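Colleague: Submitted below is the structure of interest, expressed as structure tokens.
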Amino acid sequence: MPFSPSTISFSRRGALVGALALAACGKKGEASPEPAAVSRPAKGLTIAQAVAGDWRSPADKARDAWRHPVETLEFWGLKPGQTVVEFWPGAGWFTDILAPYLAANNGKLIAADLEPTDPAAVEIVEAYRARLKANPKLFGQVEITAFGATSGPVAPAGSADLVLFLRNLHNWMAAGIAEKAFRDAFAALKPGGVLGIEEHRAAAGDVQDALAADGYVQQAYVIRLAQEAGFVLDKASEINANPKDTRDHPFGVWTLPPVRLTSPRGKAPDPSFDQTKFDAIGESDRMTLRLVKPAA
Numbered sequence: 011m012p013f014s015p016s017t018i019s020f021s022r023r024g025a026l027v028g029a030l031a032l033a034a035c036g037k038k039g040e041a042s043p044e045p046a047a048v049s050r051p052a053k054g055l056t057i058a059q060a061v062a063g064d065w066r067s068p069a070d071k072a073r074d075a076w077r078h079p080v081e082t083l084e085f086w087g088l089k090p091g092q093t094v095v096e097f098w099p100g101a102g103w104f105t106d107i108l109a110p111y112l113a114a115n116n117g118k119l120i121a122a123d124l125e126p127t128d129p130a131a132v133e134i135v136e137a138y139r140a141r142l143k144a145n146p147k148l149f150g151q152v153e154i155t156a157f158g159a160t161s162g163p164v165a166p167a168g169s170a171d172l173v174l175f176l177r178n179l180h181n182w183m184a185a186g187i188a189e190k191a192f193r194d195a196f197a198a199l200k201p202g203g204v205l206g207i208e209e210h211r212a213a214a215g216d217v218q219d220a221l222a223a224d225g226y227v228q229q230a231y232v233i234r235l236a237q238e239a240g241f242v243l244d245k246a247s248e249i250n251a252n253p254k255d256t257r258d259h260p261f262g263v264w265t266l267p268p269v270r271l272t273s274p275r276g277k278a279p280d281p282s283f284d285q286t287k288f289d290a291i292g293e294s295d296r297m298t299l300r301l302v303k304p305a306a
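Numbering (my numbering), first residue to last: 11 to 306.
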């Protein structure tokens, strides 16, 4: 049975902003550098060309081996001319690929960012907005909306071809808004539209922690939440699987790269903590799902 969002306190939701900063951007102060000022990419830019773009930082490109952006976006069906909604883009790791690709191919990116309900959230959203404004020829006209506990539609009803949940479901579970995320995505999508999900994957058969405190979520649980919102599972991929991930890390999934916590969240780093074995694991084991809003 799905848990009730009313069981999650408002203070827990507020703490979520810090979790997002860790999960999406890396440790505080390690957000992706500003991309170089470049001209708008030529029309007909491919996904592979966007991934190889010189505007992406070396640190971001180093993560391609774990996140497989070309294969993942192709699996979800990204195509020219589409309207894409990216929920909680963080520092813009995927935006640096999606926005130039869509701008060069007559598409549109809508970023459903954090609700600006507190200073930390405002800072994250404004940093993202400033990054886009600094390079309009590259990024095009990205529309910024909001997703959160009290937000309205993330996009006009039935307007999106593709909606993306990128390693954020555990955050929304902690905040009690996971069901709302699926409902908002369903409303935004056209009939036949696709919801693409990348999420840290818990071991199959475990009892799912409703708050996903360690950052891991069972694939079957995610599929069930999607189905309850009206989605149909089209297919699942092992593109982003990592069989070396044992999921039993002292500080949850955030012990692994790219966050690499050495102490509990909110505590000072522990310089004596040995990260060697966790770095050897690499980034987390992840599910990659393609779900569809029925055409009728």
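Built from N, CA and C at the ideal position, the CB exists for glycine as well.
All figures in this text were calculated on a predicted structure; none of them were measured in a lab.
What number of angstroms, rounded off, separates the C-alpha of G162 from the C-alpha of I134?
Modeller: Each residue's Cα considered, the two are about 19 Å apart.
Colleague: Counting C-beta neighbours from all protein chains within 10 Å, is the total for A33 16 or more, i.e. buried, or is it exposed?
Modeller: Low local confidence applies: a pLDDT of 41 at A33 is under 50, so the model's placement there is unreliable, with the coordinate-based value given in what follows. Under this definition A33 is a buried residue.
Colleague: Please classify N250 as buried or exposed, where buried requires at least 16 other C-beta atoms within 10 Å of its C-beta.
Modeller: buried
Colleague: Taking L301 as part of the beta strand (DSSP E), name the residues at either end of that continuous run.
Modeller: R296 to V302
Colleague: For G91 versus G117, is the C-beta spacing smaller than 8 Å?
Modeller: yes
Colleague: Along the chain, where does the alpha helix (DSSP H) containing T286 start, and where does it finish?
Modeller: T286 to I291
Colleague: Quick one: what's S247 bridged to in DSSP?
Modeller: Looking at the DSSP assignment, S247 forms a beta bridge with T298.
Colleague: Just verifying my parser: in three-state terms, what is the DSSP assignment at A188?
Modeller: helix
Colleague: With C-beta atoms as the reference, is G292 less than 8 Å away from W76?
Modeller: yes
Colleague: For L112, report the span of its alpha helix (DSSP H) as first-last.
Modeller: Per DSSP, L112 belongs to the alpha helix (DSSP H) from T105 to A114.
Colleague: Under a Cβ-count criterion, where at least 16 other Cβ atoms within 10 Å of its own Cβ denotes burial, should D295 be classed as buried or exposed?
Modeller: buried
Colleague: How would you label P146, buried or exposed, when you count the other beta carbons within 10 angstroms and need 16 or more for buried?
Modeller: Under this definition P146 is an exposed residue.
Colleague: In chain order, what residues of the same chain lie with their CB nearer than 6 Å to the CB of L176, ignoring the 5 residues before and after it?
Modeller: F104 and E208
Colleague: Starting from the Cα of S169, find the closest Cα among T93, Q151, A156 and V232 and give me that residue.
Modeller: In this structure, T93 is the residue among T93, Q151, A156 and V232 with its C-alpha nearest to the C-alpha of S169.
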